[in-house]
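Peer 1: I have a structure I would like to understand better, so I am pasting it below and will then ask my questions one at a time.
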Amino acid sequence: MIISPSVLSLDYRDTKQQLAVLSQSKAQWLHFDVMDGHFVPNLSFGPDILKAFKKSCDLFMDVHIMVSDPEYYSEVFIKAGADLLTFHYEAIDPNKIEKLVTKIHSLNAKAGIAIKPKTSLDVLKPYLHLFDLVLVMSVEPGFGGQSFDETALAKIAALRELKLANGYDYLIEVDGGINEKTGAQCKEHGVDVLVAGSYVFKNDIIKAVESLC
Ligand code: DX5
Ligand code: ZN
Numbered sequence: 074m075i076i077s078p079s080v081l082s083l084d085y086r087d088t089k090q091q092l093a094v095l096s097q098s099k100a101q102w103l104h105f106d107v108m109d110g111h112f113v114p115n116l117s118f119g120p121d122i123l124k125a126f127k128k129s130c131d132l133f134m135d136v137h138i139m140v141s142d143p144e145y146y147s148e149v150f151i152k153a154g155a156d157l158l159t160f161h162y163e164a165i166d167p168n169k170i171e172k173l174v175t176k177i178h179s180l181n182a183k184a185g186i187a188i189k190p191k192t193s194l195d196v197l198k199p200y201l202h203l204f205d206l207v208l209v210m211s212v213e214p215g216f217g218g219q220s221f222d223e224t225a226l227a228k229i230a231a232l233r234e235l236k237l238a239n240g241y242d243y244l245i246e247v248d249g250g251i252n253e254k255t256g257a258q259c260k261e262h263g264v265d266v267l268v269a270g271s272y273v274f275k276n277d278i279i280k281a282v283e284s285l286c
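For the sequence shown, our numbering assigns the number 74 to the initial residue and increments by one for each residue that follows.
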């Protein structure tokens with residue numbers, strides 16, 4: 074299981090110390106949420122903040138862009154240090170998905186696609202072969218600290234089946250409301266990557282990460 078703590082819930086007064094603790098934990102990735110105040114009703118971080126995180130730790134940078142213009146911002150955040158760039162299906166003209174994935178790969182990053190809780194998995198079926206990761210949102214994107222939406226479980230199980238049946242390579246990631254209990258449910262349904270914000274940073278970081286593994 075890959076654990077990707079979300080910096081959205083980090084205590085920014087103490088960023089350096091919290092990153093130092095994280096690097097001692099079993100977390101392999103760092104989840105970096107980009108919000109533009111338009112695709113979602115919240116603002117978060119720009120590329121300079123990602124550069125600072127990149128310099129401050131050795132974790133794999135898992136960048137989730139919740140923005141209305143993924144074509145523009147994918148390149149901006151890859152140049153700032155994203156190892157994986159995940160954009161939203163709801164934010165792009167489906168005819169432009171393949172071109173954007175090609176661009177992301179040409180910039181030497183992995184490509185992920187995310188769907189909101191109310192979006193059917195069916196819409197992704199024509200594109201699944203293109204991606205390194207599929208992100209199932211288990212809360213409405215925009216804020217940390219919300220409750221897990223159980224409709225994510227069926228999507229995780231279906232993605233797992235589609236992957237096995239078709240020989241796809243993508244990892245399955247879930248984001249929103251993950252704690253020890255919901256993390257275990259996702260694991261039972263076949264998830265590969267757990268994103269957790271408030272559960273990790275509002276508890277003992279090392280123990281919380283360990284409990285998700
Ligand atoms: C929500 C973000 C999440 C958020 C998860 O839009 O994409 O990554 O940080 O926070 P928790 O784990 O607190 O639900
Ligand atoms: Zn996220």
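For glycine and all other residues, C-beta sits at the position ideal for the given N, C-alpha and C.
Can you tell which of LYS189, ASP156, PHE221 has the C-alpha that lies nearest to the C-alpha of ALA182?
Peer 2: ASP156
Peer 1: Check whether the Cβ atoms of ALA100 and VAL282 lie closer than 8 Å to each other.
Peer 2: yes
Peer 1: Assign GLN97 to one of two classes, buried (16 or more other C-beta atoms within 10 Å of its C-beta) or exposed (fewer than that).
Peer 2: exposed
Peer 1: Three or more beta-carbon pairs under 8 Å between the region 228–236 and the region 271–281, yes or no?
Peer 2: no
Peer 1: So, at 6 Å on beta carbons, what are the nonlocal neighbours of VAL268 in its own chain, with the 5 sequence-adjacent residues on each side left out?
Peer 2: SER77, SER79, HIS104, ASP248
Peer 1: Locate the alpha helix (DSSP H) running through ILE20, then write down its first and last residues.
Peer 2: No answer is possible for residue 20: it lies beyond the span of the chain, which begins at 74 and ends at 286.
Peer 1: Can you list every residue whose CB sits closer than 5 Å to some heavy atom of ligand 4, going in chain order?
Peer 2: With respect to ligand 4, the structure offers nothing, as its ligand set consists of ligand 1 and ligand 2.
Peer 1: According to DSSP, what are the bridge partners of LEU103?
Peer 2: Per DSSP, MET134.
Peer 1: Using 7 Å as the cut-off, classify the Cβ of GLN219 as near or not near the heavy atoms of ligand 1, replying yes or no.
Peer 2: yes
Peer 1: Return the chain-ordered list of same chain residues with a C-beta closer than 8 Å to the C-beta of HIS202, the five sequence neighbours on each side being excluded.
Peer 2: ASN239, TYR241
Peer 1: Can you tell me which of the three DSSP states GLU261 falls into?
Peer 2: helix
Peer 1: Nearest to GLN54 by alpha carbon, out of TYR272, GLU223, LEU235, SER129?
Peer 2: The structure shown does not extend to residue 54, since the chain spans only 74 to 286, so no value can be given for it.
Peer 1: Taking Cβ positions, are SER82 and ASP109 nearer each other than 8 Å?
Peer 2: no
Peer 1: Does the beta-carbon of PHE118, which I'm using as the reference point, lie nearer than 7 Å to any heavy atom of ligand 1?
Peer 2: no
Peer 1: Kindly confirm or deny that the region 244–264 and the region 218–227 touch, where touching means at least three C-beta pairs closer than 8 Å.
Peer 2: yes
Peer 1: Figure out for me which residue from ILE170, PRO167, LEU180, TYR162 has the closest Cα to the Cα of PHE150.
Peer 2: LEU180
Peer 1: Can you tell me whether GLU246 is buried or exposed? The criterion is at least 16 other CB atoms within 10 Å of its CB, across all chains shown.
Peer 2: buried
Peer 1: Mind checking whether the beta-carbon of GLY215 lies closer than 7 Å to any heavy atom of ligand 1?
Peer 2: yes
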